[in-house]
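Chains V and A supply the protein sequences, listed in that same order. In terms of the numbering used here, the first sequence opens at residue 1 and continues consecutively. In terms of the numbering used here, the second sequence opens at residue 1001 and continues consecutively. Think of the CB as a built atom: it goes at the ideal place given N, C-alpha and C, for glycine as much as any other residue.
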Amino acid sequence: MLDIVLAVVFLPFAGAALTPLVHRVAGERTAYYAAGVAAVCFALVARLTVTGTHGLVGTEWVPSLGISLAFYVDGLSLLISLLASGVGVLTLTYSGGYMHGEPGQAKYYATLLAFMGSMLGVALAADLFALFTFWELTSLSSFILIGHYTGEKSSQYAARKSMLITVAGGLFMLAGFLVFAWAGDTTLIVGPGSLTANAGETVATLRSAGLFLPSLLLLAIGAATKSAQVPFHVWLPNAMEAPTPVSAFLHSATMVKAGVYLVGRFRPFFLDAVPEATSLPEWSLLFVTLGLLTMTVTAILAVAATDIKELLAYSTASHLGLIVAGFGAANAYGAETGAFHILNHASFKAALFLVAGIVAHEAGTRKISKLRGLRHDLPVTALVAGLASLSMAGIPPFNGFYSKELLFEATFVLAEDAGGLTWLFPVVAVFGSVFTFLYSLKFLSLFLGDPNGDLGDVHRPPLPMLVPPVILGALVAVISVDPQLAIDTLVGEVYASTVPGDAHSFSVGLPTHLTPPVWMSAITIGVGALLWPRYDRLHDGIRGLLHGPVRANWWYDGSVDGLTAGSKTLVSRVQTGLLRTYATWVFAATSVLVVGAYLATGVGFPAVELADGMTAAMVLVLLVALVGAAAVGGAPSHVAGVLTLSILGFMVAIFYILADAPDLALTQLVVETLVLVLFLLVLDRLPAYYGSPRFSVAVRDGALSVLVGATVFLTVVFATAGSPDAIGGNLSRLAGVPAEHPPLFTDYGGGYNVVNVVLVDFRAIDTLGEITVVAMAALSVLTLVRMRGRGEAQ
Amino acid sequence: MLQGHNQPGGGFIGGVLTTTAFVLVYVVFGMEFLQSELLEMGSGGEATDRTIGLYRLLFTGGLAVAFLSGLVPMLFGLPFLTQAVLFLEGVPLYHELEVASALAFDVGVYLTVVGGLLTVLGEAGSE
């Protein structure tokens, strides 16, 4: 099984790598090559599904950190994989017609394939970090695809927005994952020995550490940003800047499902350890509220939409909210809702997006106000749109109805169990569904009525664009006619993956008697039908309310603009292009950090005592050095200053000689000589006098000098407080005294000169680093001096 | 550089000393003399470029020697930069000669220091 799973995940990446070559040969027919790759993946996933293979497989990845490339095959991962590869085949085929004559096709198909591989990885990964990696890869490929028209401002804005929100959310999720990995002492999510298998103990560890709620929230932020839940839904409508097949594939059927997948995947983990008496665990409170809020708010926004893709985008967020709310409810109906609606939503929403693509392509506009009566010109498309939008509206006997009915039942049962304010859940579910009903009818109405004469000729779409939506429409029809078939073959397994412990399959069908959920559906459809004639007034009314802080976009734009402006101000203060500014910042920051570290660790000031063997000559030499140091400040010119400074250096060298350190003395002498010559060479080019500085600048520089001096002084004092004897003792213990004839490579390169042996043997890597620095310094001087003239010339 | 393993000295000090010798020649006789008489590079701006090219070769070569000397022990399955000592017996006059593998690394250090410092000096000096 491992080889099949690896093939499923990595074949698309291999296909993506080859795409530029294929595009060179095949040109626009690359679409069918990419669809072929997707078809192979689909066939492999289908084989896994049919053979009923389940379980954990994996291979080593980062064994030192216990991270493995583990995959888990079960109902949930198979459903998402089937959607990713199946809808992949359809949208890639569709692209063959849609992308005719468009720029950047090689990039487009390569990214779509890479996205498909990442999505399959998300679905199948059983390791926290493998999942996170694939998760961010989907964000990355989505970024490239949304920004497909690289020259357009709106594309850039949309791509950046989706990237900022989904990647930031992913980082929150990663933080949550780290907590899980710590608490469970494993990075496996499902399978034997995983987090889910030991849910009881892991949750107990989390609770006792006070990390249960934080980790749940971190996970929820990851899922909410990816699945466009309120208030992170703002990126999804903008993402419609992408070519329509991308919208159909990523932003309705697959990538946005990653968030709900995550919720479904962690559902057993969080619901396994719920105490018996709790009717509303934290999990339910969080996700049912989040899901229903999203479902309602975005359904209302969909009614306010003026563009067909905008309408579908808000509707997608709304249906994702429905799935999240379903997975949130801690009863069997909740899991059934989520499992079944993932399939239903993918079938009707991908079909609708492809229909929207046909409409935009053939009618030349996406404005809702301009589109009507399209069934005359696009009969087949109209049929698909009719099926899919009735399903979206939740009208029986179409498939969307069954899963919506399950949600009503889930919220109703939840409210019955928990009572009190939770009765708001079924009420809000009905309220939101009314708007779902309304915008679904609106989409359908584009095809009804008389044609709009202003539109001109509306052509029939080419076959590659027509077949995929028809297949999806047929899927909607099949599930609608026999929902139990879909549940028995596929959804039942998904349900089993999202409940703790063992689970049996479930059944759905048209209601035969009046239960509360049936009443809820009836109210939805009834109120919807009553409001339908007033759709335009509702539309205008909602649009009238949408300005200022009511819109989530206002907050997004405000914070991004604020951050941008703040960064610009900061940059102009820090990056002035003046060397002295950089030096000020670097010195100040280093000193503050170092002194701060001393204060934080509470290093005590060591007792100062005169070392043994201090002679009068040494004291005299050091006094001369001090006089030299003091004289530097009063030197009348740069040259005099440097010469005076070198008095200090040479006195230190003499001190080394007196203290029996010939190596250090030798080095100090020659380096001092070299530095002196270099200083004189450079000073020759500097002006002799700069003029009097402003008082504030002089104070700042003076304070900085004192701070730097104090830092260096403290560092020397603290660093030399450790006894050198201990260090030397350690070294000789490690090396041993060189034997007379030690075997090759065993005596640590022995030698009598400790300084040199340390340099070339014990700390040879440090030395290698240091000579690299010498070489780099030489290179920088070379470049800076040589290119200085060129920079000024520009 | 050669005696550094057992007595004061070593690649770094040796390199700085060598550079100092060049610098003193430069201070006393000037850049022209250093280039044309000592290094036989000819005179003029082009010669300066050629001389600096030579310095550059020195430090890149030195870095390469130091790095490669660290790779050799890896051929024997030992960690990067492992050093060893080999005692050669029966060498005429010396009887026994101690050869430290660190010498190769030290040569690299020496060349890098000489090349790097001379590049800086040459550039600053030719301004």
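Under the three-state DSSP convention, the category residue i falls into
i, result
"serine 227 of chain V", "coil"
"alanine 635 of chain V", "coil"
"phenylalanine 1087 of chain A", "strand"
"isoleucine 395 of chain V", "coil"
"valine 57 of chain V", "strand"
"valine 1101 of chain A", "First, the residue type needs correcting, since residue 1101 of chain A is serine and not valine in the sequence shown. Three-state DSSP puts serine 1101 of chain A in coil, outside helix and strand."
"glycine 766 of chain V", "Rather than glycine, the amino acid found at residue 766 of chain V in this sequence is aspartate. Residue state, collapsed to three classes: helix."
"phenylalanine 13 of chain V", "helix"
"histidine 1095 of chain A", "strand"
"alanine 486 of chain V", "helix"
"tyrosine 535 of chain V", "helix"
"leucine 1039 of chain A", "coil"
"phenylalanine 425 of chain V", "helix"
"aspartate 377 of chain V", "coil"
"aspartate 660 of chain V", "coil"
Residue i versus residue j: straight-line alpha-carbon distance, rounded
i, j, result
"alanine 197 of chain V", "threonine 512 of chain V", "39 Å"
"aspartate 482 of chain V", "valine 428 of chain V", "29 Å"
"valine 324 of chain V", "glycine 577 of chain V", "51 Å"
"glutamine 794 of chain V", "methionine 787 of chain V", "Low local confidence applies: a pLDDT of 43 at glutamine 794 of chain V is under 50, so the model's placement there is unreliable, and no value is given."
"phenylalanine 587 of chain V", "alanine 653 of chain V", "27 Å"
"serine 142 of chain V", "methionine 1074 of chain A", "44 Å"
"leucine 1078 of chain A", "lysine 568 of chain V", "51 Å"
"glutamate 310 of chain V", "serine 369 of chain V", "13 Å"
"arginine 47 of chain V", "alanine 313 of chain V", "33 Å"
"threonine 187 of chain V", "tyrosine 72 of chain V", "13 Å"
"leucine 216 of chain V", "isoleucine 67 of chain V", "22 Å"
"threonine 294 of chain V", "valine 230 of chain V", "5 Å"
"histidine 459 of chain V", "valine 37 of chain V", "30 Å"
"threonine 1019 of chain A", "valine 675 of chain V", "11 Å"
"glycine 121 of chain V", "leucine 69 of chain V", "10 Å"
"glycine 1004 of chain A", "proline 214 of chain V", "60 Å"
"valine 1113 of chain A", "valine 781 of chain V", "15 Å"
"valine 708 of chain V", "valine 234 of chain V", "49 Å"
"tryptophan 61 of chain V", "leucine 446 of chain V", "52 Å"
"histidine 741 of chain V", "threonine 711 of chain V", "Residue confidence is low: histidine 741 of chain V scores 42 on pLDDT, short of 50, so the model does not pin down where it sits. Its coordinate-derived value is still stated next. Cα to Cα, histidine 741 of chain V sits roughly 48 Å from threonine 711 of chain V."
"glutamate 1098 of chain A", "phenylalanine 1029 of chain A", "41 Å"
"glycine 449 of chain V", "glutamate 276 of chain V", "56 Å"
"valine 527 of chain V", "isoleucine 479 of chain V", "26 Å"
"leucine 455 of chain V", "alanine 363 of chain V", "6 Å"
"isoleucine 771 of chain V", "glycine 1116 of chain A", "9 Å"
Per-residue burial, residue i [other beta carbons within 10 Å of its own, 16 or more giving buried]
i, result
"proline 517 of chain V", "buried"
"phenylalanine 713 of chain V", "exposed"
"threonine 667 of chain V", "buried"
"isoleucine 765 of chain V", "exposed"
"proline 63 of chain V", "exposed"
"tyrosine 656 of chain V", "buried"
"valine 476 of chain V", "buried"
"glutamine 575 of chain V", "exposed"
"valine 774 of chain V", "buried"
"arginine 267 of chain V", "buried"
Residue nearest to residue i in terms of C-alpha spacing, selected from the options
i, options, result
"alanine 330 of chain V", "V:Leu280, V:Leu292, V:Ala363", "V:Leu280"
"valine 560 of chain V", "V:Leu164, V:Ala70, V:Gly492, V:Ser646", "V:Leu164"
"histidine 54 of chain V", "V:Leu140, V:Glu28, V:Val494, V:Ile771", "V:Val494"
"phenylalanine 1080 of chain A", "A:Leu1071, A:Glu1032, A:Leu1088", "A:Leu1071"
"phenylalanine 129 of chain V", "V:Val87, V:Gly169, V:Ile189", "V:Ile189"
"glycine 1108 of chain A", "A:Met1041, A:Leu1039, A:Ala1064", "A:Ala1064"
"threonine 525 of chain V", "V:Ser194, V:Leu171, V:Met392", "The amino acid occupying residue 525 of chain V in the given sequence is isoleucine; threonine does not appear at that position. Closest option to isoleucine 525 of chain V, Cα to Cα, is V:Met392."
"leucine 678 of chain V", "V:Phe266, V:Gly75, V:Leu643, V:Ala629", "V:Leu643"
"valine 550 of chain V", "V:Leu301, V:Tyr149, V:Ala242", "V:Leu301"
"leucine 79 of chain V", "V:Tyr261, V:Ser284, V:Ala522", "V:Tyr261"
Beta-bridge pairing of residue i - partner residues as DSSP gives them
i, result
"phenylalanine 679 of chain V", "Note: phenylalanine 679 of chain V sits in no beta bridge, so no partner."
"lysine 442 of chain V", "Answer is none; lysine 442 of chain V lacks a bridge partner."
"isoleucine 67 of chain V", "V:Val62"
"lysine 367 of chain V", "V:Asp307"
"alanine 125 of chain V", "V:Phe71"
Minimum Cβ-Cβ distance from residue i to chain D less than 8 Å
i, result
"leucine 759 of chain V", "Checking the listed chains, one finds no chain D in this structure; the protein chains it contains are V and A."
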